[in-house]
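Colleague: Note that the working numbering numbers the sequence shown so that position 207 is 247, with each residue one more than the last. Beta carbons are placed, not taken as given, at the ideal position from N, Cα and C, and that holds for glycine. As the structure is a computational prediction, the values presented were derived from the model and not from experiment. After the structure tokens below, expect a handful of questions from me.
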Amino acid sequence: MSIKFAIIKERKSPPDRRVVFSPEKLAEARAQFPEAEFIVESSDIRVFPDAAYKVLGFKVTDDVSDCDVMIGVKEVPIDNLIPNKKYFYFSHTIKKQPYNRKLLKAMLEKQIEMFDHETIVKKSGARLIGFGRYAGLVGAYNGFRALGLRDGLFQLPKVETLADLDEVKTELDKITLPENLKILLTGTGKVAYGAKEILDHLKIKEVSDALYLTSTFTEPVYVMADVMEYAKRQDGKVGDKYEFYKNPIGYESNFMPYAKETDFFIAGHFYGNNAPYLFTRADAKHPDFNINLVADISCDIDGPVASTIRSSTIADPFYGYDPQTEKEVAFDAKNAITVMAVDNLPCELPKDASEGFGEMFLEHVIPAFFNNDERGILKRAQMTDHKGALTERFTYLQDYVDGKTV
Numbered sequence: 041m042s043i044k045f046a047i048i049k050e051r052k053s054p055p056d057r058r059v060v061f062s063p064e065k066l067a068e069a070r071a072q073f074p075e076a077e078f079i080v081e082s083s084d085i086r087v088f089p090d091a092a093y094k095v096l097g098f099k100v101t102d103d104v105s106d107c108d109v110m111i112g113v114k115e116v117p118i119d120n121l122i123p124n125k126k127y128f129y130f131s132h133t134i135k136k137q138p139y140n141r142k143l144l145k146a147m148l149e150k151q152i153e154m155f156d157h158e159t160i161v162k163k164s165g166a167r168l169i170g171f172g173r174y175a176g177l178v179g180a181y182n183g184f185r186a187l188g189l190r191d192g193l194f195q196l197p198k199v200e201t202l203a204d205l206d207e208v209k210t211e212l213d214k215i216t217l218p219e220n221l222k223i224l225l226t227g228t229g230k231v232a233y234g235a236k237e238i239l240d241h242l243k244i245k246e247v248s249d250a251l252y253l254t255s256t257f258t259e260p261v262y263v264m265a266d267v268m269e270y271a272k273r274q275d276g277k278v279g280d281k282y283e284f285y286k287n288p289i290g291y292e293s294n295f296m297p298y299a300k301e302t303d304f305f306i307a308g309h310f311y312g313n314n315a316p317y318l319f320t321r322a323d324a325k326h327p328d329f330n331i332n333l334v335a336d337i338s339c340d341i342d343g344p345v346a347s348t349i350r351s352s353t354i355a356d357p358f359y360g361y362d363p364q365t366e367k368e369v370a371f372d373a374k375n376a377i378t379v380m381a382v383d384n385l386p387c388e389l390p391k392d393a394s395e396g397f398g399e400m401f402l403e404h405v406i407p408a409f410f411n412n413d414e415r416g417i418l419k420r421a422q423m424t425d426h427k428g429a430l431t432e433r434f435t436y437l438q439d440y441v442d443g444k445t446v
């Protein structure tokens, strides 16, 4: 059975230079699956130029309407959606995001089979593909860049001016950190491990929770805190991480002991609905609250990290949060918490991010089209069907589609 896949042009503004498959990875896909045909839609913004695909023998064209499966990164503008196709991209609809309700409605009306990259999961629900590692890498780097600029210690260039991850790490090799810097990293997923890669590259010493919370150091240190360290059961019993993920009601924040000991907080955790906030605006006013720099990679606005009052941009990545007035101030204002809350961090490292994403997509998704979806990956990921209805797993979105939920 021959299937035609299209690597589609990114049309969302601001432009995103990422792509699901680099030319080399697409050539690997073609070699592994000779029954598949891969077509590339011409793009003048993609990190890999059209010529890089052509030289490997791929057809590059302005018209991919004869393809069966459309593969992109960001939301496809409604006017560019082709009816009766299969689409893969980040639709940002599974949490009922108000700004994309019309997009989901349009896909149903056009009888499109939608597979969201976020819904490509194992049976356990764990994500199989994503840009998380690159968000973590860039987010941590940007945090150190803010530190250097704010305190006049060093000047790191913007990631978007660097060719790739190797150049990012080369720039980090040139800096010297304050001796007593204490860094808290929350999370244990791809994002947190991306940030950890930067901390480990800088040869910052990792210490245990017990040491971190009770000791002073003469060298920079960091602790990687899991959710059961910074959240606890209200009844004093021992918490259970998986119970917390299913239903966090009955838990409260245990973040303040860390806030008292931390200079630089890297938020790399996933935040679920109804989970306790890590720190509130009231917490940030506390005289013992010591955090003065936050790289909020998870970037939930007005949420679990009180200083994140808005997302920032690649062009203007830093702002200040004044805990006393609860207002935005200059990123280097006295007594402010410096905030880095860019919400599209992997865009800053498009080449590496695209190469890594393609590797995961080739491993988990493309084979499912040719092995009768033996692992159920496509079945779990499919949000809408060819008849214009939500699939069973996603019927919870019906109210959202109908405009009955906010």
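#1: Which residues in the same chain have their Cβ closer than 6 Å to the Cβ of Asp362, if we skip the five residues on either side of it in sequence?
#2: Per DSSP, what kind of secondary structure is Ile122 in: helix, strand or coil?
#3: Give me the residue from Ala265, Tyr317, Gly227, Val208 with the minimum Cα distance to Leu242.
#4: How is the beta strand (DSSP E) around Lys281 delimited, first residue to last?
#5: Since Lys162 and Val441 should fall inside the 8 Å C-beta cutoff, what is the C-beta to C-beta distance between them, to a whole number of angstroms?
#6: Taking the alpha carbon of Asp372 as the point to measure from, which residue in Glu246, Leu187, Thr226 has its own alpha carbon closest?
#7: Quick one: give me the first and last residue of the alpha helix (DSSP H) that Gly176 is part of.
#8: Which residues does DSSP list as the beta-bridge partners of Tyr127?
#9: Taking 8 Å as the threshold (C-beta atoms), are Ala346 and Phe305 in contact?
#10: Cβ of Phe184 within 8 Å of Cβ of Ile215?
#11: Are the CB atoms of Ile223 and Leu239 nearer to each other than 8 Å?
#12: Nearest to Tyr139 by alpha carbon, out of Asn124, Ile152, Phe155, Ile118?
#13: Go ahead and pull the three-state DSSP assignment for Asp372.
#14: Tell me the DSSP secondary structure of Arg415 in three-state form.
#15: Going by the CB atoms, is the gap between Phe88 and Val113 shorter than 8 Å?
#16: Helix, strand or coil: which one does DSSP assign to Val247?
#17: Could you give the first and the last residue of the continuous beta strand (DSSP E) run that contains Lys272?
#18: Give a yes or no on whether the C-beta atoms belonging to Gly279 and Met264 are separated by under 8 Å.
#19: Between Asn220 and Asp84, what straight-line distance do the alpha-carbon atoms span, to the nearest angstrom?
#20: From Phe358 to Glu283, what distance separates their C-alpha atoms?
#21: Report yes or no: do the stretch 156-174 and the stretch 382-397 share at least 3 C-beta pairs separated by less than 8 Å?
#22: Tell me the rounded alpha-carbon separation between Leu385 and Ile337.
#23: Taking Lys44 as part of the beta strand (DSSP E), name the residues at either end of that continuous run.
#24: Report, in whole angstroms, the separation of the C-beta atoms of Asn182 and Met400, which I expect to be a contact under 8 Å.
#25: I'd like the list of long-range same chain contacts for Glu388, defined as Cβ closer than 7 Å, with 5 residues on each side in sequence excluded.
#26: For the stretch 147-157 and the stretch 413-430, state whether three or more C-beta atom pairs, one from each stretch, are separated by less than 8 Å.
#27: Below 8 Å on the Cβ atoms is my guess for Pro462 versus Pro297; work out the distance and round it to an integer in Å.
#28: What do you reckon, are the CB atoms on His309 and Thr226 nearer than 8 Å?
#29: Over what stretch of residues does the beta strand (DSSP E) that includes Lys99 continue unbroken?
#30: Near Ala428, what residues of its chain come up, given a Cβ to Cβ distance below 7 Å and the 5 sequence neighbours on each side ignored?
#31: Per DSSP, what kind of secondary structure is Gly165 in: helix, strand or coil?
#32: Thinking C-beta only, is Ile48 closer than 8 Å to Ile111?
#33: Indicate whether Glu301 and Leu253 have their beta-carbon atoms separated by less than 8 Å.
#34: By how many angstroms is the C-alpha of Leu437 removed from the C-alpha of Glu115?
#35: Suppose contacts are defined by Cβ-Cβ distances below 8 Å. Is Cys107 in contact with Phe61 by that definition?
#36: Quick check: what's the CA-CA separation for Tyr270 versus Arg350?
Modeller: According to the structure data:
#1: Within the sequence shown, numbered from 1, the residue matching residue 362 stands at position 322. Contacts found: Val369, Ala376.
#2: In the sequence shown, residue 122 corresponds to position 82, counting from 1. Note: Ile122 maps to coil in three-state DSSP.
#3: As a first step, residue 242 must be located in the sequence shown, where it is residue number 202. Comparing Cα-Cα distances from Leu242 to each of Ala265, Tyr317, Gly227, Val208, the minimum goes to Val208.
#4: Position 241 of the sequence shown holds residue 281. According to the DSSP assignment, Lys281 belongs to no beta strand (DSSP E) but to the alpha helix (DSSP H) extending over 281-286.
#5: Looking up residue 162 in the sequence shown gives position 122. Looking up residue 441 in the sequence shown gives position 401. Contact doesn't hold; Cβ gap of about 27 Å is too wide.
#6: By one-based count along the sequence shown, residue 372 stands at place 332. Nearest of Glu246, Leu187, Thr226 to Asp372, Cα basis: Leu187.
#7: By 1-based counting over the sequence shown, the position of residue 176 is 136. If you look at Gly176, you'll find it in the alpha helix (DSSP H) that goes 172-191.
#8: If you number the sequence shown from 1, residue 127 lands on position 87. According to DSSP, Tyr127 bridges with Met110, Met154.
#9: Locating residue 305 in the sequence shown gives position 265, where the first residue counts as 1. Locating residue 346 in the sequence shown gives position 306, where the first residue counts as 1. Against a cut-off of 8 Å, the Cβ pair of Ala346 and Phe305 comes out as no contact.
#10: As a working note, residue 184 is residue 144 in the sequence shown. As a working note, residue 215 is residue 175 in the sequence shown. Their beta carbons are under 8 Å apart, which means Phe184 touches Ile215 by this criterion.
#11: If you number the sequence shown from 1, residue 223 lands on position 183. If you number the sequence shown from 1, residue 239 lands on position 199. Yes; because the gap between Cβ atoms is below 8 Å, this pair is in contact.
#12: Taking the first residue of the sequence shown as position 1, residue 139 is located at position 99. Comparing Cα-Cα distances from Tyr139 to each of Asn124, Ile152, Phe155, Ile118, the minimum goes to Ile118.
#13: Locating residue 372 in the sequence shown gives position 332, where the first residue counts as 1. Asp372: coil per DSSP, three-state reduction.
#14: Taking the sequence shown and counting its residues from 1, one reaches residue 415 at position 375. In the three-state reduction of the DSSP assignment, Arg415 falls in the coil class, being assigned neither a helical nor a strand state.
#15: For the purposes of this step, residue 113 is taken as the residue at position 73 of the sequence shown. For the purposes of this step, residue 88 is taken as the residue at position 48 of the sequence shown. The answer is no: Cβ separation not under 8 Å.
#16: Here residue 247 is taken as the residue at index 207 of the sequence shown, counted from 1. In the structure shown, Val247 sits in coil (DSSP, three-state: anything other than H, G, I, E or B).
#17: Taking the first residue of the sequence shown as position 1, residue 272 is located at position 232. 271-273 is the extent of the beta strand (DSSP E) around Lys272.
#18: Numbered from its first residue, the sequence shown carries residue 279 at position 239. Numbered from its first residue, the sequence shown carries residue 264 at position 224. In this structure, the beta-carbon distance from Gly279 to Met264 does not fall below 8 Å.
#19: Within the sequence shown, numbered from 1, the residue matching residue 220 stands at position 180. Within the sequence shown, numbered from 1, the residue matching residue 84 stands at position 44. Straight-line Cα distance between these residues: approximately 47 Å.
#20: As a position in the sequence shown, residue 358 is number 318, starting the count at 1. As a position in the sequence shown, residue 283 is number 243, starting the count at 1. Distance between the alpha carbons of Phe358 and Glu283: 36 Å.
#21: yes
#22: Reading the sequence shown from its first residue, position 345 is the one you call residue 385. Reading the sequence shown from its first residue, position 297 is the one you call residue 337. If I take the Cα positions, the gap works out to 8 Å.
#23: Your numbering for residue 44 matches position 4 in the sequence shown. Here the beta strand (DSSP E) through Lys44 covers 43-47.
#24: Numbered from 1 along the sequence shown, position 142 holds the residue referred to as residue 182. Numbered from 1 along the sequence shown, position 360 holds the residue referred to as residue 400. In fact, because the Cβ distance is near 24 Å, the residues do not count as touching under 8 Å.
#25: If you number the sequence shown from 1, residue 388 lands on position 348. Within its own chain, the residues whose Cβ lies closer than 7 Å to the Cβ of Glu388, once the five positions on either side in sequence are excluded, are Val178, Val199, Glu200, Ile354, listed in chain order.
#26: Enough Cβ pairs lie closer than 8 Å, so yes.
#27: This structure cannot settle anything about residue 462, because the visible part of the chain is limited to 41 through 446.
#28: Along the sequence shown, read from residue 1 onward, the residue named residue 309 stands at position 269. Along the sequence shown, read from residue 1 onward, the residue named residue 226 stands at position 186. Yes, they are a contact pair.
#29: Locating residue 99 in the sequence shown gives position 59, counting from the first residue. Segment 99-101, the beta strand (DSSP E) holding Lys99.
#30: Position 388 of the sequence shown, counted from the first residue, corresponds to residue 428. Checking the displayed sequence, the identity of residue 428 turns out to be Gly instead of Ala. Within the same chain, and ignoring the five residues on either side of Gly428 in sequence, the residues whose Cβ sits closer than 7 Å to its Cβ are Leu148, Glu149, Gln151.
#31: Locating residue 165 in the sequence shown gives position 125, counting from the first residue. Three-state result, Gly165: coil.
#32: As a first step, residue 111 must be located in the sequence shown, where it is residue number 71. As a first step, residue 48 must be located in the sequence shown, where it is residue number 8. Result yes, Cβ atoms of Ile111 and Ile48 sit closer than 8 Å.
#33: Sequence index remark: in the sequence shown, residue 301 carries index 261 (1-based). Sequence index remark: in the sequence shown, residue 253 carries index 213 (1-based). In this structure, Leu253 lies closer than 8 Å to Glu301 by Cβ.
#34: Sequence index remark: in the sequence shown, residue 115 carries index 75 (1-based). Sequence index remark: in the sequence shown, residue 437 carries index 397 (1-based). Their backbone Cα atoms lie some 18 Å apart in a straight line.
#35: Along the sequence shown, one-based indexing puts residue 107 at 67. Along the sequence shown, one-based indexing puts residue 61 at 21. Against a cut-off of 8 Å, the Cβ pair of Phe61 and Cys107 comes out as no contact.
#36: By 1-based counting over the sequence shown, the position of residue 270 is 230. By 1-based counting over the sequence shown, the position of residue 350 is 310. Going by the C-alpha atoms only, they are around 23 Å apart.
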